[in-house]
Amino acid sequence: MDTVFGQRLRQARIMRRLSLRALADATGGKVSHNALARYERGEMSPGSPILLAVAEALGQSTDFFFRPFTVQLGEVRFRKKARLTGGKAEAAREQAADFVERFCEAEELAGDVRTFVPPLPDRATLSLPDQAEAAACELREAWDLGNDPIPSVVGLLESKSIKVCELDVGPDLDGFCAATDAGPLVVLGATTNLPRRRMTSTHELAHVVLPLPDDEKLEEAIVRRFAGAFLLPREAFTDAFGKCRNGVGLRELIELKLTFGASIMAIMKRAEQLELVSVAMFERFCRYASQQGWRKPGQGEPGDDCYNGDETPSRFRQLVWRAVAEQQISLSKGAALLKQDLNSFRRDLKEVIA
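Mind the numbering: the sequence shown is residues 1 to 354 in our numbering, read in order.
Okay, structure coming up:
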């Protein structure tokens, strides 16, 4: 039968994307893959030497394997065009589940448990992409955002009690979201392209706050329209871009990128949606962007290195640092929550409180 140890062993192995044989090899042959399989099924338990070897091979503390499961992660929906392999997708899901548990523990230890309040509780299910325009305006109004550009999308999500996690499972992960019994979770890939991260964060926000149709193709069309309308609100964007444009220069597009924190492609798409440029002009731009290589996966655009926003999740770290500073937890417990070694955690903490 399943045991906490067996489930944690499987979770840790999946997070590291190791097969049973690969894990057995990583222990230096101290345990066989057959024994590991029996541990996972709860048919037997390891002694201390084996436990230490397995924990070291998986990069976990021994305490991890006996930590009760406290939070349930709901269905995870990756984007239809996501290029994640099955192993990477499974690893991302288990890493996200582990993160939420540690986050919730930090909230409880710091005495700062927050509850997400749905901002659009009476919103009818969206059935057309055009309806996303009104939904974006309604959300800005509900959250008192006005029409100004959003300084930090990740910061906004965290301020509204949406947990945000950054995972590095390779360049194929943009992001995903999931419901948990501790509130919504948004997971972002470890990209350094901030305009792309802002769009991904807003895309996942749409999945969190909007009542969306069951049709996946229509759902994604609505979400994309919402993300553009939320990051580039009609009135402010029209004032900045101008009406009835017959041409646009690269320097101008870079300045708009710096203002709104959106990619040049997103800016031009938004201009086409609002009929500030013609469809023909937008298509010419897309051909030009393709020739320049801007639309290739992993390729950047002009001005990417000029946008200096901050889209790094910070609330989890702040909760842990606060709990240590208030002597609610030990240094070693804080390091364990953040999955840092004690020396690096101590250095980070000195920068915060010394």
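Using N, Cα and C, we set each Cβ at its ideal position, and we do this for glycine too.
Given the structure is predicted, the values throughout are model-derived calculations rather than measurements.
- Collapsing the DSSP output to three states places Phe-237 in a helix.
- It is roughly 43 Å from the alpha-carbon of Val-76 to the alpha-carbon of Asn-246.
- Within the model, the alpha-carbon separation for Val-279 versus Ser-159 is close to 38 Å.
- Leu-167: member of the beta strand (DSSP E) spanning 163 to 167, first to last residue.
- About 5 Å separates the CB atoms of Leu-185 and Ala-178; that is less than 8 Å, so the two are in contact.
- Here Pro-46 is buried: its Cβ has 16 or more other Cβ atoms, across all protein chains shown, within 10 Å.
- Comparing alpha-carbon positions, the option among Glu-108, Glu-133, Glu-138 lying closest to Leu-120 turns out to be Glu-138.
- Per the C-alpha coordinates, the member of Val-54, Ala-110, Thr-3, Val-4 positioned closest to Ala-22 is Val-54.
- Setting aside the 5 residues that flank it on each side, Lys-88 is surrounded in the same chain by Arg-17, Val-169, Gly-170, Asp-172, Leu-173, each with a C-beta closer than 8 Å to its C-beta; the list follows chain order.
- A direct Cα-to-Cα measurement between Leu-232 and Arg-295 gives close to 20 Å.
- In the same chain as Leu-212, and ignoring 5 residues on each side of it, the C-beta atoms closer than 8 Å to its own belong to Thr-125, Leu-126, Ala-206, Glu-219, Ile-222, Val-223, in chain order.
- Contact holds between the stretch 307 to 322 and the stretch 141 to 161, because three or more Cβ pairs, one in each stretch, are under 8 Å apart.
- Per DSSP, Pro-302 lies in no alpha helix (DSSP H) segment and is marked neither H nor E.
- When the alpha-carbon of Val-324 is set against those of Leu-128, Arg-123, Val-248, Ala-110, the nearest one is in Ala-110.
- Annotation for Gly-155: the continuous alpha helix (DSSP H) segment containing it runs 153 to 159.
- Minimum Cα-Cα distance from Ile-14 among the listed residues Gly-86, Gly-42, Gly-74 corresponds to Gly-86.
- Membership of Val-117 in any beta strand (DSSP E) is not indicated, and neither H nor E is assigned to it by DSSP.
- With contacts defined as CB atoms closer than 9 Å, Glu-107 and Arg-114 qualify as a contacting pair.
- For Asp-348, the three-state secondary structure derived from DSSP is helix.
- With respect to the C-alpha of Leu-188, the residue from Thr-202, Gln-273, Ala-182, Thr-180 having the closest C-alpha is Thr-202.
- A direct Cα-to-Cα measurement between Cys-104 and Lys-163 gives close to 10 Å.
- DSSP places Pro-211 outside both helix and strand once states are collapsed to three, so it counts as coil.
- If you check the CB distance, Leu-276 and Thr-238 come in under 9 Å.
- Per the coordinates, the alpha-carbon of Phe-226 lies some 11 Å from the alpha-carbon of Leu-128.
- The closest CA to that of Val-4, considering only Phe-65, Ala-37, Ala-12, is found on Phe-65.
- Of the candidates Ala-24, Gln-72, Arg-38, Ala-24 places its Cα closest to the Cα of Leu-58.
- Here Asp-341 is not bridged, per DSSP, to any residue.
- Residue environment analysis places Ala-134 among the exposed positions, since fewer than 16 neighbouring C-beta atoms fall within 10 angstroms of its C-beta.
- Shown here, Glu-75 sits in a strand according to DSSP, grouped into three states.
- Here Leu-73 has Ala-97, Ala-178, Thr-180 as same chain residues with Cβ atoms under 6 Å from its own Cβ, once five neighbours each way along the sequence are excluded.
- In this structure, Phe-176 and Glu-204 form a Cβ contact; the two beta carbons are roughly 7 Å apart against a cut-off of 8 Å.
- According to DSSP, Gly-183 shares a beta bridge with Thr-180, Asp-181.
- Lys-30 has its alpha-carbon roughly 24 Å from the corresponding atom of Arg-67.
- The residue among Asp-144, Leu-194, Val-100, Leu-51 with its C-alpha nearest the C-alpha of Cys-165 is Val-100.
- Residue environment: Pro-118 is assigned as exposed (fewer than 16 neighbouring CB atoms within 10 Å of its CB, all protein chains considered).
- Cβ-Cβ separation between Arg-197 and Thr-191: approximately 6 Å, consistent with a contact (criterion under 8 Å).
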